Amino acid sequence: MSAKNRTVSGALGGLIGFVGMSAIAGVLVTVAVTPALALSGMAATNTINVFENLPDYLAIDQLAQKSNIYATRDDGSTGLLASFYDQNRVEVAWDSISPFVKDAAIAGEDPRFYEHGGVDLQGTVTGLVTTIASGSARGGSSITQQYVKNVLVQKCEALTDEKKRTVCYDAATETSPDRKLKEMRFAIGVEKKYAKDDILRQYLNITGFGGTVYGIEAAANYYYNTTAAALTLPQAASLVAIVNNPVKFQLDYPDSETNGAANGYAANKQRRDYILGEMLRYKKITQADHDAAVAAPIEPVITEPSTGCTTAGTSAYFCDYVTKILQTDVTFGPDEETRLANFRRGGYNVYTTIDLDLQNAAVATMNENVPKTYDGWDVGSVITSVQVGTGRVLAMTQNKNYTQVDGTDPSATAVNYNTDINQGGSRGFQPGSTYKVFTLGEWLTEGHSLNERVDSRRKSDWGTFKDSCLGPQSFPGYNPKNDANESGTNYSALESTIGSINTGFIGMAKKLDLCGIRKTAENFGVHRADGDPLEQGASAVLGTNEIAPLSMAVAFAGIANNGITCSPVAIDRITGPDGKELAAPKSDCKQSVDPAVDAGMTYAMQRVMTEGTATASNAGTSPRVPMIGKTGTTDGNKDTWMSGASSKVATVVGVVSVTGDINQRQVDFPTGTAATARHRMWPAVMSVANARYGGDAFAEPPTKVLQAVQIPIPDLRGKSMADARSTLESAGFSFADGGVTDSEMPAGTVARTDPAGGTTAGRGSTVTVFSSNGSQVIVPDVVGKTEAEARAALKGFAVKKTDQDVTDPKQVGTVLSMTPAAGSGSAPGGEVTIVVGKLGAVPKDKG
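As numbered in our numbering, residues 262 to 1108 make up the sequence shown, in order.
In structure tokens form, the structure reads like this:
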């Protein structure tokens, strides 16, 4: 563009600006000559008519303030976990602002603040003339006008739609006569409604101090690590200086060439000293105060505010969980985006459920026992504790550093392993055998007892399972083994629980409804972490659903609470910016199983702690109170779990493979094998829990839950297998085919049963029946026969003789006993030992 064009353009712009500004000047003359006229709304000219037709009401909405998340200590004091804000602001009252700040603001920005009616004629005209003369905008707005502009900008900032927000912001800040007229009209309206001190206070609370720092309290905190009330004279003037041009005068760029530490923050100092001079001029300070303040160096103490869960340190994942809850709480708005925006701007204080003592114990034992990374293994570990009866989450940690964005650092993650995927968590982990407790609950609900036995043989075809939801199900080839290679054929439900016998639980599930087992788990609040429905096949009985650890902690808390499960809550109370309490999310408690059933579950799970797979965790806990528990190990020892509870606190501890597979029994940590880390961490947390919360005895189960009605098992030897099945089922037992075994009974007939005929077992128990292969012969009875007669009768057997001294001559040479016993079976040619009497020494007469 040519110089000529630039001159013409500049002249034209100046002319248009002058015409526009003349309208403002007309208003100002009226305001200056007749302040009452402007305040009363009367018009003197056409310009005033236009002015008066503008709206004069400015609704002052709540200022954006930071919201805080707190932990509450035992003594009732609070500790800040994190703050969230779009604008770092803390509103303060008039008395909480230093008089130096108030005087500096008036002297530097609007010396006639207490004299005008919202618009300062002299300042605005000076700004008008300078703008027209220089072609660039100049100040001159009163404090009230600046306040109005800030309020309009705040209204724009509250919009969640970015396009609408931009349009609104441009309209609120454009340099135009229209905007200036509207701003002036609003300023006069504000002065009609509010007292001067209140306007000044709100101005100091709303104005920006650079970056995301808004309001004098946040500015004092950030720049000088103090409060608005405690600011010194030079500090107050330095902060008020920033308001004039935050980018130019802010104090958090020490390397700045124009306003940095090297030149003593020269730009800010120049503006600060000007303000100090104005304060002296208007007699707000003495000459001595002025000189001392001017001589004082500018030495900011930048104090970064807490922002986001990163600042929550070792409680960061719990903090993250709380924020996800807030995003689903209708207290903060109709949808997730609005809720988070409102929370970040609303000045809320959120007081959480976390128990810092329990949390610190969880963090300490995690750091001691599980590394953040391990070569060749994507190792993860979690600890979650929930208060029984309330659902309050007391502790939550994992073996990673918290980050808000996942990157390449394997020691850090944004994923909370403790929670569901829609709560910032993962897709969950297989809980292994800890899930068996829900089959136990369904077993007892259906009327079975703890001492009832089932077919527990390992097999590749378990036949057809009942499923009332999906119809009969079969799983050919499904052949789970027992972790310790237990080979019993007839475990009771209690034995299976104590020893975590896989085949015992599959045998129990075979007599139940797979859909019923799933529903029992759901009754305890269990669900898949990815939001899909729980799977309910035979493998699910052994814990193959991917579930969040928090869900399992809630379920175990329900078992410890007489079968009443309470949904998790992480927030105790919420207060708004006015200090009034708002409705916080509540726990929903429901009866998951009948109390008698639950008593049976806790009875069995106490036995797990004292004599089963969880004895290591039980032994390491002190003080000891009644506790329930269940261990879990997934296929290949990929994941290991210890879940348990007192009557007060439930805790779940796990060491998991986040991705990939590894055998934890072959991995050594500095404190022991990876597979046993759970038994070092669980006691560390529960020892603190027991000391803090104690623990009561669990309810005693009724007899019918412990022991089913005992009935005799019929002797089935020699019967056909069909007759044996019919006889057993008529007597109230379940039949299980144990296969073929060596026996003297005719081939195809019953050789023996387990339990044996003639003993008793609970009604409904499974009796395993073994058929004979006819390979053995019956050993004849030779007791009482002579040795010669015995050998003749035992022809075909390998006879072994031993002697035994006798005193009765009639027993000499006679078979006294035999092994195996008469009537039992033995393979042809098998060894039979006979004991034959031999005359011993005759006792001497003592007379």
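Beta carbons: idealized from backbone N, C-alpha and C, even for Gly. Nothing here was measured: the structure is a model prediction, and the numbers come from that model.
With a cutoff of 8 Å on beta-carbon distance, Cys417 and Gly650 are scored as not near each other. Under the 8 Å Cβ criterion, the stretch 671-682 counts as touching the stretch 574-582, having at least three qualifying pairs.
Per DSSP, Asn329 lies in no alpha helix (DSSP H) segment; the continuous beta strand (DSSP E) that holds it begins and ends at Ser328 to Thr333. Rounded to the nearest whole angstrom, the C-alpha separation of Val362 and Tyr331 is 30 Å.
The stretch 399-481 contains, as complete alpha helix (DSSP H) runs of 4+ residues, the segments 404-418, 423-434, 438-454 and 457-467 (chain order). Per the DSSP secondary-structure output, Tyr663 pairs in a beta bridge with Thr674.
Check the Cα spacing between Pro515 and each of Tyr484, Tyr609 and Thr473: the tightest is with Tyr484.
Residue range Val1011 to Asp1015 is occupied by the beta strand (DSSP E) that includes Arg1013. Annotation: the continuous beta strand (DSSP E) that includes Tyr612 extends over Asn610 to Thr613. The shortest CA-to-CA distance from Tyr543 to any of Asp722, Glu1050 and Gly369 is the one to Gly369.
Of the residues Asp998, Val1044 and Asp1066, the one whose Cα lies closest to the Cα of Phe1031 is Asp998. One thing to note: Met445 has its Cβ within 8 Å of the Cβ of Gln406.
For Cys580, the enclosing alpha helix (DSSP H) starts and ends at Ala577 to Gln588. Judged by beta-carbon spacing, Lys585 lies within the 8 Å limit of Gly685, meaning their Cβ atoms are closer than that value. Residues Asn879 of the same chain have their beta carbon placed closer than 7 Å to that of Thr871, with the five preceding and five following residues left out of the count. Taking a 10 Å sphere around the C-beta of Cys570, we find 16 or more other C-beta atoms and assign the residue as buried. Sequence-distant Cβ neighbours of Ser1036 in its own chain, meaning closer than 6 Å and more than five residues away, are Asp1003. Looking at the backbone, the Cα of Lys1056 and that of Gly1090 are separated by about 9 Å.
For Ser1078, there is no enclosing alpha helix (DSSP H); the residue is found in the beta strand (DSSP E) stretching over Val1076 to Thr1080. In the structure shown, Trp723 adopts coil according to DSSP, grouped into three states. Excluding residues up to 5 positions away in sequence, Leu795 and Gln797 lie with their Cβ nearer than 6 Å to the Cβ of Arg779 in the same chain. Between Ala554 and Pro495, the CB-CB gap stays under 8 Å. Nearest neighbour of Pro561 by Cα position, chosen from Ile546, Gln588 and Phe510, turns out to be Phe510. DSSP places Ala911 in the strand class (E or B) of the three-state scheme. DSSP links Tyr635 through a beta bridge to Trp638. Here Arg939 is buried. Its C-beta has 16 or more other C-beta atoms within 10 Å. Under the three-state reduction of DSSP output, Cys827 falls in the strand class.
Out of Ala969, Gly760 and Arg834, the CA that lies nearest to the CA of Ser694 is found in Gly760. Listed in chain order, the non-local C-beta contacts of Gly594 below 6 Å within the same chain comprise Arg600 and Asn603, local neighbours out to five positions each way being set aside. DSSP places Glu518 outside both helix and strand once states are collapsed to three, so it counts as coil. Residue pairing from DSSP places Arg714 in a beta bridge opposite Ser753. Within the same chain, no residue comes within 6 Å of Glu783 by CB-CB distance, once the 5 residues on both sides are set aside. In this structure, Thr674 keeps its C-beta atom at 8 Å or more from the C-beta atom of Thr658. In the DSSP assignment, Ser499 falls within the unbroken alpha helix (DSSP H) covering Leu494 to Asn505. From the listed residues Ala875, Ser908 and Gly881, the smallest Cα separation to Thr894 is found for Ala875.
Counting along the chain, the unbroken beta strand (DSSP E) around Glu1092 starts and ends at Glu1092 to Leu1100.
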